[in-house]
Amino acid sequence: MATQDLSFRTGAQVESSPFNTLEWRPASGEQPEALLLLDQLLLPHKIVMIACPDYQAVGRAISTMQVRGAPALGVAGAYGMALAARKSGAATPQELLAELALAGKHLFETRPTAVNLGWAINRSQQLAGRLAAEGRSVPEIGDALLDLAQQIHAEDIKINRRMGAFGAEVVPEGGNVLTHCNTGSLATAGFGTALGVIRAAHEAGKKIHVWVGETRPYLQGARLTAWELQQLNIPYTLITDNMAGHLMQRGRVQFVITGADRIAANGDTANKIGTYSLAVLAQAHNIPFYIAAPLSTVDLTIPDGSYIPIEERNVAEVTTFGGVRIAPEGAHALHPAFDVTPSRLIAGIITERGIARPPFESSIKALFEVEEA
Ligand code: MRU
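Whatever position you read off the sequence shown (first residue = 1), add 149 for our numbering.
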C-alpha cells in the first residue's frame, strides 16, 4: 500500500469537513486509480493519505483500522468492490461475479460487526448480478460499481446532515453531552452521526459542552473526536472511560449520544465496547441515552442483539498503550471490540428519516416505510 504525506495538500475537500476521510483518485500518468484513505492510526499527529489500488489493500486498511467507523467502512467496502471489478482479469461477466463473491467475503470478514460493510458489499454484488444478467461487459460492470461507490459516498454525507437536523432538536440547550468513540467526519464520508448531531446542535446555536470518553483501547475519543471537536471549535473536555459514572452522579451530564455498528430489529444496538456501561449508568442517573445511525446500520434480518457477531481483536491492542507494552510479557487479555446495549436503555434512535422511539420494533419498521424527502 503506497503512502503519501498530504499535510501540504490543498485539493478539493468535501463541503462538510476540513479534511477528506476517503477520496477516489482517478488514474493519471503512471499513477493507478486508487481509493485514498486518511490514515486514522497516525492521527492526530500526522495527516497522511494512503493509496489503496486494489481491494486487498482496502481490506488491509480496514483490518488495521486505518479506516474505521461503520458508515466509512460501508463506503470503503463499496470502493473495494469497484476496485475488485476494475482490476479483475475475468473473461466473462459470470467469471467476474465469482471473483466479486470472493472479494466481498474477504472484505466483509475484515470487520464482522459493522453491518454497513455487508450492506455496501451486497448492494455492489446485486448491481453486478443485474448488469451481468442484462449482458453487460466486464468493464461496464466495473464502471457501474465505481458509480455506485461514489453515489454511496455522496449519499452518506447528505444522510448525516439530515440525521443532524433531527437530532439537534433533542440535544438540551446548555447541556453537557457525553459521547463515546469517534462518530464524526472520520467515521463517515463526512459530518458524522452522533458527532454530527452534536455539531448540528452547536451550529443551531445551542450552547453545549462535550465530554469525550477516551475509548480504550484504540483511543478513538482521545485521538480522533478531540481532534475533530477542536477543529470545529466545539467546547469539549477529554475524560478517561471510567470517569463517566462520577460525572453523572455529580449532575454534570445531561445527555448521552453514541453511534452504532449494527442495530437489530428490536432496537438492541452494538457499538464500541463501553457503550453498554454508559447506557446502564445513564439509566441509573435518569439521563437520556440516544443512538444516532443511518438506516443502513439497521439489520432487520436479526430479531435482537444476541444475533450480532462481536468482533474479537488482537489482545496486543489491550496489553499495549499507544504501541508501548503496559502489561507483563505473557499477560492474558481479552478484546471484544463492541458490546450490545439492550433497547430498553435507549430513549431514541436518530436516523435520516426521523427518530425511532420505543417500542422500537414498530417505530424502526415505520421509518423504513417513510418516503424519501
Ligand atoms: O472500531 P471502530 O472505531 O470502527 O468503532 C466505531 C464505533 O463504534 C462507532 O461508534 C460506530 O462505528 C458508528 S460511527 C459513525
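Just so it is clear, CB atoms sit at the ideal spot from N, CA and C, and this is done for glycine as well.
Query: How big is the Cα-Cα spacing for D305 and S273?; Result: 16 Å
Query: Quick check on the DSSP output: what are the complete beta strand (DSSP E) runs of length 3 or more inside the region 173 to 208, in order along the chain?; Result: 183 to 187, 197 to 201
Query: Could you round the C-beta distance between V207 and A239 to whole angstroms and report it? I think they count as a contact, below 8 Å.; Result: About 19 Å; that fails the 8 Å criterion.
Query: From E322 to Q215, what does the alpha carbon distance come to, in whole angstroms?; Result: 35 Å
Query: Where does the unbroken beta strand (DSSP E) through K355 begin, and where does it stop?; Result: Premise fails: K355 is in no beta strand (DSSP E) and is neither H nor E.
Query: Taking L186 and M198 to be in contact with their CB atoms under 8 Å, please state how far apart those CB atoms are, rounded to whole angstroms.; Result: 7 Å
Query: Alpha carbon to alpha carbon, how far is F404 from G313?; Result: 15 Å
Query: Go through its chain and collect everything with a Cβ distance to E363's Cβ below 8 Å, but skip five positions before and after it.; Result: G370, A371, L387, I388, T389, D390
Query: Counting only C-beta atoms, is A210 closer than 8 Å to chain C at any point?; Result: Included in the structure is just one protein chain, with no chain C present.
Query: Just the C-alpha distance for M150 and T468, rounded to the nearest angstrom, thanks.; Result: In this prediction, M150 scores a pLDDT of 46, lower than 50, which makes its location untrustworthy; the coordinate-derived value is nonetheless stated afterwards. Their backbone Cα atoms lie some 27 Å apart in a straight line.
Query: For A356, is the classification buried or exposed, using 16 other Cβ atoms within 10 angstroms of its Cβ as the cut-off for buried?; Result: According to the sequence as given, residue 356 is Lys; it is not Ala. That one is exposed.
Query: For the alpha helix (DSSP H) containing Y228, name the first residue and the last one.; Result: 219 to 235
Query: Can you give the beta carbon distance from L262 to D410, rounded, assuming they're within the 8 Å contact cut?; Result: According to the sequence provided, residue 262 is Thr. The question's Leu does not apply to it. That pair is a contact at about 5 Å.
Query: Under three-state DSSP, which class holds P242?; Result: helix
Query: Which residues bound the beta strand (DSSP E) around Y439?; Result: 438 to 441
Query: May I ask whether a heavy atom of the ligand MRU can be found less than 7 Å away from the beta carbon of C101?; Result: For the chain, the structure presents residues 150 to 522; residue 101 sits outside this window and is missing.
Query: Any contact of the region 447 to 454 with the region 464 to 478, i.e. 3+ C-beta pairs under 8 Å?; Result: no
Query: Taking T213 and A338 to be in contact with their CB atoms under 8 Å, please state how far apart those CB atoms are, rounded to whole angstroms.; Result: Actually they do not touch by this definition, with Cβ atoms about 20 Å apart.
Query: Nearest to A250 by alpha carbon, out of R260, Y228, T259, Q275?; Result: Q275
Query: Just confirm the distance between the C-beta atoms of G145 and T374, as a whole number of angstroms; I'd bet it's less than 8 Å.; Result: Not covered by the structure: residue 145. The range shown for the chain is 150 to 522.
Query: Return the CA-CA distance between I457 and A419, expressed in angstroms with no decimal places.; Result: 7 Å
Query: How many angstroms separate the CA atom of G223 from the CA atom of R217?; Result: 10 Å
Query: Any contact between the region 288 to 295 and the region 255 to 269? By contact I mean 3 or more CB pairs, one from each, below 8 Å.; Result: no
Query: Please work out which residues of its chain come closer than 6 Å, Cβ to Cβ, to N394, disregarding the five sequence neighbours upstream and downstream, and give them in chain order.; Result: Reading off the sequence shown, one finds Gly at residue 394, where the question assumed Asn. Same-chain partners within the cutoff: L430.
Query: How would you call V519, buried or exposed, if buried means at least 16 neighbouring beta carbons within 10 angstroms?; Result: exposed
Query: Is the Cβ-Cβ distance between K421 and F340 less than 8 Å?; Result: no
Query: Who are the Cβ neighbours of A349 in its own chain at under 7 Å, not counting the five residues just before and after it?; Result: G313, A314, G316, A317
Query: Evaluate F438 with the Cβ neighbour count: other Cβ atoms within 10 Å of its Cβ, from every protein chain shown; 16 or more gives buried, anything less gives exposed.; Result: buried
Query: For S237, which residues in the same chain have their Cβ closer than 7 Å to its Cβ, ignoring the five residues on either side in sequence?; Result: L245, E248, V287
Query: Excluding the 5 residues preceding and the 5 following R311 in the sequence, name in chain order all residues of the same chain whose CB lies nearer than 6 Å to its CB.; Result: E501
Query: May I ask whether a heavy atom of the ligand MRU can be found less than 7 Å away from the beta carbon of T500?; Result: no
Query: Starting from the Cα of P508, find the closest Cα among A414, I196, I211, G423 and give me that residue.; Result: A414
Query: In this structure, does DSSP put Y385 in helix, strand or coil?; Result: strand
Query: Apply the 10 Å Cβ neighbour rule to S455 and answer buried if 16 or more other Cβ atoms are within range, or exposed otherwise.; Result: exposed
Query: Just reading off the alpha helix (DSSP H) that L396 is part of, what are its end residues?; Result: 393 to 398
Query: Buried or exposed: where does P242 fall if 16 or more other Cβ atoms within 10 Å of its Cβ makes it buried?; Result: buried
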